[in-house]
Every structure is written in structure tokens, then in C-alpha cells.
Amino acid sequence: EMHQYLDTDGSGTSANCVSATIFKERLQAATKWLKDNKKQGLIGEFAGGNNAQCISALQDGLKYMGANSDVWLGGIWWAAGP
């Protein structure tokens, strides 16, 4: 179980996302580790700001998780930030 926020420091304290691809980029190393170790993962908390860049990043990351559903069980949206 992992958490993933899309702001610069990954804390979820900013409404700004690093880029429109940051969610997928941050998932790639974890996806490789899960595959290499024959494990499955869950994003226990994830979120981005309510703006076009963050929405694109969220869509991109969820699509990536779907394409790697052999290791990703899903994710839980967290909605208590900026």
C-alpha cells in the first residue's frame, strides 16, 4: 500500500501538479518493483489539484495502472487537501 500525491514534494499540500505525466512517472519504479518481486500493490491515497494539469496527470496515471492491472489492485482517492 502506497500513497501518491502529485505536487512537487509528494505531500499533497499544493494544488499544483509537477506535470501532466507525473502520476505515471512516479508509478513506473513501483510497478517495476512489484513485477520483479511478484507482488501486487494498492495506492492507498492519491490526489491532485482541481486544475487541467492535475486532471490530465490523474487520468494518465489511472490509465497506466489499468494497463498494469496484473500488479495494481486499484487506488483510493483522498479529498482533504488544497
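In terms of the numbering used here, the sequence shown is residues 931 to 1012.
Heads up, the beta-carbon is just placed ideally off N, CA and C, and yes, glycines get one too.
Given a cut-off of 9 Å on the beta-carbon distance, is the pair residue i and residue j in contact?
{"i": "ARG956", "j": "GLN983", "result": "no"}
{"i": "LYS954", "j": "ASP1000", "result": "no"}
{"i": "ILE973", "j": "GLY1004", "result": "yes"}
{"i": "ILE971", "j": "TRP1002", "result": "Correcting the residue type first, residue 971 is Gly in the shown sequence and not Ile. Contact: yes."}
{"i": "ALA987", "j": "ALA950", "result": "yes"}
{"i": "ASN998", "j": "THR961", "result": "yes"}
Tell me, which residues are paired with residue i by DSSP?
{"i": "GLY1004", "result": "LEU972"}
{"i": "GLN958", "result": "DSSP lists no partner for GLN958."}
{"i": "ALA1009", "result": "Bridge partners of ALA1009: none, in fact."}
{"i": "ALA1022", "result": "Given that the chain is displayed from residue 931 to residue 1012, the structure contains no residue 1022 and the question cannot be resolved."}
Please state the DSSP three-state secondary structure of residue i.
{"i": "ALA987", "result": "helix"}
{"i": "ALA997", "result": "helix"}
{"i": "ALA1013", "result": "The chain is shown from 931 up to 1012; residue 1013 falls before or after that span and cannot be answered."}
Taking the alpha-carbon of residue i as reference, which of the options has the nearest alpha-carbon?
{"i": "MET995", "options": "SER944, GLN958 and ALA1009", "result": "GLN958"}
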